[in-house]
Amino acid sequence: MADLERLLNEQEIEDQKVKLKYKYKARIFLEESLSFGVLGEHGRGVTEHYGINIDDIDLISANMENALASIGGFCCGRSFVIDHQRLSGQGYRFSALLPPLLAAAAIEALNIMEENPGIFAVFKEKCRQIHKALQGISGLKVVGESLSPAFHLQLEESTGSREQDVRLLQEIVDQLLRRSVCGQETVVIAASCSHFLCFPQCCYSFLLFPMWSIF
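Sequential numbering from -7 applies to the sequence shown in our numbering.
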């Protein structure tokens, strides 16, 4: 198992991971809460983005709070996995079912995605714009791909102390809290198709002010 884990971590090309799956009789589970409705020409996620045969994936899960603007989540995969989950899941055992109104909202979101495939190209371009704008903030670096709708900000250079790094990031959060930019001790920037073209510059300005104060 240690050898398998090492090989999986070393493989950056998706088709190699699929080959290792069959060689070692492993299973591939994808968590696509931030990729479903984002990646791929039609927003179908990682498999469409990389051209992977979906039959090679054993289980795909995602929450419905992001692209589908609802709550709850879904799992899809091979029949024997889903059959077991259906009988063992909370929805079956404890009647913890998704309210019909929220299910209808998620279905309507899927309909919009199917009827308007052009929104994904627009969305990706806005993600790139926000990513580029955030890169211009001195002292911070944006971690992750420019296609991602969630942007993770880290210190560009460490102070040499993890505790000091945490305190410094906390100061940035405190500055944003004082300006009523966010309501909790975190900064979350998420792109949306409905954002105006000026949104990337607004993100830049909001974050630049506390950076000036601290650095």
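Where a beta carbon is used, it is the ideal one built from N, C-alpha and C, also for glycine.
> So does the stretch 124 to 137 actually touch the stretch 96 to 113, counting three or more Cβ pairs closer than 8 angstroms?
Replying inline: no
> Contact check, residue 64 vs residue 90 under 8 angstroms by CB: the rounded distance?
Replying inline: 5 angstroms
>> With distance defined between alpha-carbon atoms, name the residue in 79, 52 and 62 nearest to residue 68.
In response: 52
> Between the beta-carbon of residue 9 and the beta-carbon of residue 20, is there less than 8 angstroms?
Replying inline: yes
> To the nearest angstrom, how far is it from the Cα of residue 177 to the Cα of residue 73?
Replying inline: Any reading at residue 177 needs caution, since the residue's pLDDT is 44, under 50, leaving its predicted position unreliable; the model's value is listed next. Cα to Cα, the separation comes out at about 38 angstroms.
> On the three-state DSSP scale, how would you describe residue 107?
Replying inline: helix
>> Looking at residue 80: is its Cβ nearer than 8 angstroms to the Cβ of residue 54?
In response: no
>> Suppose you measure from the CA of residue 148 to the CA of residue 126; what does that come to, to the nearest Å?
In response: 12 angstroms
> Residues in its own chain within less than 6 angstroms of residue 246 by CB, not counting five upstream and five downstream?
Replying inline: In this structure the chain extends from -7 to 207, so residue 246 is not present and cannot be described.
> Just the Cα atoms here: how many angstroms apart are residue 121 and residue 15?
Replying inline: 41 angstroms
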